[in-house]
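Report on one structure; see the data block that follows.
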Amino acid sequence: MAGRRNLAECLSGEWSEAFWMFFSPRTKSTVAEKENPGSSLRKRPERRAESGPAPRTLPRGLAPPWAPAFPHPPRVTQAAVTAFEREVMTGARPCAAEKRRARERGGGGGGGGGGGPAANAAPGRERRLVEAAGGMSGARGAGLAMAALLLAASVLSAALLASGGSPERGAEAEPPRDLDKKRHIELKMDQALLLIHNELLGTNLTVYWNSERCYHCLLQALVNVSGSAEHGKPSIAAAAVSTQHGSILQLNDTLEEKEVCRLEYKFGEFGNYSLLVKHVHNGVSEIGCDLVVNKNPVDSNLPVSIAFLVGLVMIIAVCFLRFLLSLDDFNNWISKAINSRETDRLINSELGSPSRADQLSGDTQSEAWRPSAVRLRLHSMDTFRGIALILMVFVNYGGGKYWYFKHASWNGLTVADLVFPWFVFIMGSSIFLSMTTILQRGCSKLRLLGKIAWRSFLLICIGIIIVNPNYCLGPLSWDKVRIPGVLQRLGVTYFVVAVLELIFAKPVPDSCASERRCSSLQDVISSWPQWLFILMLESIWLVLTFFLPVPGCPTGYLGPGGIGDLGKYPNCTGGAAGYIDRLLLGDDHLYQHPSSTVLYHTTVAYDPEGILGTINSIVMAFLGVQAGKILLYYKDQTKDILIRFTAWCCFLGLISVAFTKISENEGFIPVNKNLWSVSYITTLSSFAFFILLLLYPLVDVKGLWTGAPFLYPGNTKV
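The numbering of the sequence shown is the UniProt record's numbering, which starts it at 1 and goes up by one.
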């Protein structure tokens, strides 16, 4: 913002105004706490007829943050608004307005003779742009280029982020009424301005707010609005409201604590809204609440939509090109065109020779079109891993501050919640595939066990010592170090699953097609000891979660605590999972800022990578092992592989439906990343089998897609 403001100071007149109008939508914007509800006045002409011509007051709500504070402006009419005041209303710098007025009075400000101000304003403005930007008064070309670049960037930003547009000039000119206070509210991302107009005489109101995603939450006080002192002159208060999800607003009488009205609405980012509270006389005197849009919000999701459409168009174009290349007639035409051009080049070149012509003949071209050798790696698995890694990097670096690229506050799924379990699933598949290859090369189990233990130890040490979020709290000390973590969980999960497979490892048949004993469930039956161990682990998770007594909390509690469940269990975040971590590790060694603090305002430490959740991550990795066994046991039978992927996808999906009742919060065991609930791993495993169901025939069987660009990061050792 500071860079943009310094740049705007270098611009004058209309350039500064256009710059701020276009660059304001997705950045922080400052608006007055009590702004003019322009469109609402125009939509109700009968009110203006009753009150007569409304006096006009100089609004400061649209002034940028760096505008100087003026004393309380006098009431003026439309004709009395000066040019300087219009500059303040539109957000231009006062110094820029003074320069423009001086230039207009001076006949163009040194722009040369004749032509008037309109003809000479542009050259003078360009010279001042160049002087302010770089101090080079003679570089007119650089000034023009800079101005054009700024204008292009402004138009692009406006097209992408401000589709709602700025308010009309008529709305800006309409004055607000009863603006006896002038405080600024700084809107951040995912916020809108709400003006509450209380027309109830002598009745103070308290506005309560809550997000519709906050399940059974206590309403939070948003702002207090004093009662109107005079009929027709409402008392106005302003507040910033969240735009990430739908909002629940409830207005109560402050003295009687009685509900006045209640409404649900989805506010738009950087929008300006007015909530009009007044008596409605329709035979029965009652209080009505009307929501009016003063300024349309911006479409902050437009860049994501455009990026998705561009990617989709590129995928379609690549697929169409590969389809053309698969046609023999098109290949022959391309080959003839290339060969004819090469022949002409050799004939016209002095370096052409029979030997060189032989090297560049059509035989080389036909060699390029030959199918490649059989792949030794499963590129579909590498592509899946690359998708998870790219999503992980994008999410870890903020994800553009969009809510769906952040972890869910408690129950539910977002894009960020897909990354970790998919990576665990792929790790399980890689464990079986790589371990089978290493054992076939003659490596002893004891030596392989040492490698497994060493890799797990490194992962845990790196997670505790190097990648530790408690560094943000100050120098690392063992009194505050976070013990659980992502790498720690990966290390423990890898060790348990790899050792389990190593103990019960069996030779894999070359092909089930050539062996009659290979039944339709060979991949499951051959792993019955491992499955028995996994079912025992899952039983332990269920018993501890639903039957372990937790002091001060109901048995089997799966809620977030805080203000959830109407504030009955504020310190019960995570139920048994949180209790076990706090009991065995201590509050200081857990994650101090869980995602539940966003909506549920929890105050106790809770670690989403805790001890109890590690059990389900082991189950998730073993489901990945099962996918690897399917690929290896039936490697020559594409149909059987796809049938098994489909069966596992449907089976795990039905388990998720039974646990969740297809509901975010109403099921027996909701999908919850913080708890790593059993429904969470079955849902994400079902998604993983579905992705492999698509990628395996597309990448490894048909070769319609190489997996790029996801193949390259997924092919590296991480």
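A virtual CB, placed ideally from N, CA and C, is assigned to each residue, including glycine.
Residue burial annotation: residue 488 is buried, with at least 16 other C-beta atoms found within 10 angstroms of its C-beta. Residue 640: member of the alpha helix (DSSP H) spanning 638 to 660, first to last residue.
Following the DSSP letters along the chain, one finds residue 587 in no alpha helix (DSSP H), marked with neither H nor E. Under the 8 Å Cβ criterion, the stretch 441 to 456 does not count as touching the stretch 698 to 717, having fewer than three qualifying pairs. When the five nearest sequence neighbours on each side are left out, the beta carbons in the same chain lying within less than 7 Å of the beta carbon of residue 419 are those of 388, 391, 392, 395, in order along the chain.
The C-beta distance from residue 263 to residue 204 rounds to 19 Å, too long to fall under 8 Å, and the pair is not in contact. Rounded to whole angstroms, the gap between the alpha carbons of residue 530 and residue 672 is 26 Å. 8 Å or more divides the Cβ of residue 707 from the Cβ of residue 429.
Between residue 421 and residue 655, the CB-CB gap reaches or exceeds 8 Å.
A straight line joining the alpha-carbon of residue 199 with that of residue 238 spans about 15 Å.
DSSP places residue 602 in no alpha helix (DSSP H); its state is neither H nor E. Assigned with DSSP and collapsed to three states, residue 626 falls in helix.
Look at residue 669 here: in three-state DSSP terms it is coil, with no helix or strand label. Taken through DSSP and simplified to helix, strand or coil, residue 200 comes out as coil.
When C-beta atoms of the stretch 240 to 260 are compared with those of the stretch 183 to 195, three or more pairs fall below 8 Å, so the two segments count as touching. Rounded to the nearest angstrom, the gap between the Cα atoms of residue 665 and residue 585 is 29 Å. In the displayed model, residue 289 falls within a strand according to three-state DSSP. Within the DSSP secondary-structure output, residue 676 pairs in no beta bridge. Between residue 425 and residue 623, the CB-CB gap stays under 8 Å. Counting of Cβ neighbours within 10 angstroms places residue 479 among the exposed residues, the total staying below 16. Straight-line measurement puts the Cα of residue 507 at about 55 Å from the Cα of residue 211. Where residue 251 is concerned, the enclosing beta strand (DSSP E) starts and stops at 247 to 253.
A Cβ-Cβ distance of about 18 Å is found for the pair residue 380 and residue 684, leaving them out of contact under the 8 Å criterion.
Ranked by Cα distance from residue 691, the options 572, 386, 251 are led by 386. Between the stretch 395 to 411 and the stretch 588 to 602 there are three or more C-beta pairs closer than 8 Å, enough to call the two in contact.
Of all alpha-carbon atoms in 634, 620, 637, the one lying nearest the alpha-carbon of residue 687 is that of 620. Excluding five sequence positions before and after residue 319, none of the CB atoms of its chain fall closer than 6 Å to its own CB.
Its chain contains 428, 431, 618, 621, 622, 625 as the residues whose beta carbon lies nearer than 7 Å to that of residue 497, once the 5 sequence neighbours on both sides are disregarded; these appear in chain order. A residue is called buried when at least 16 other Cβ atoms come within 10 angstroms of its Cβ; residue 649 meets this threshold and is buried. Where residue 494 is concerned, the enclosing alpha helix (DSSP H) starts and stops at 486 to 503.
Note that the C-beta distance between residue 560 and residue 600 is below 8 Å.
In the structure shown, residue 521 adopts coil according to DSSP, grouped into three states. Counting only residues of its own chain and dropping the five nearest sequence neighbours on each side, residue 604 has a CB closer than 6 Å to the CB of 571, 573. Around the Cβ of residue 437, a 10 Å sphere holds fewer than 16 other Cβ atoms; the residue is exposed. By the Cβ rule, the stretch 316 to 330 does not count as touching the stretch 292 to 301, because fewer than three pairs are nearer than 8 Å. Annotation for residue 545: 576 place their beta carbon closer than 6 Å to its own, counting only its chain and skipping 5 residues before and after.
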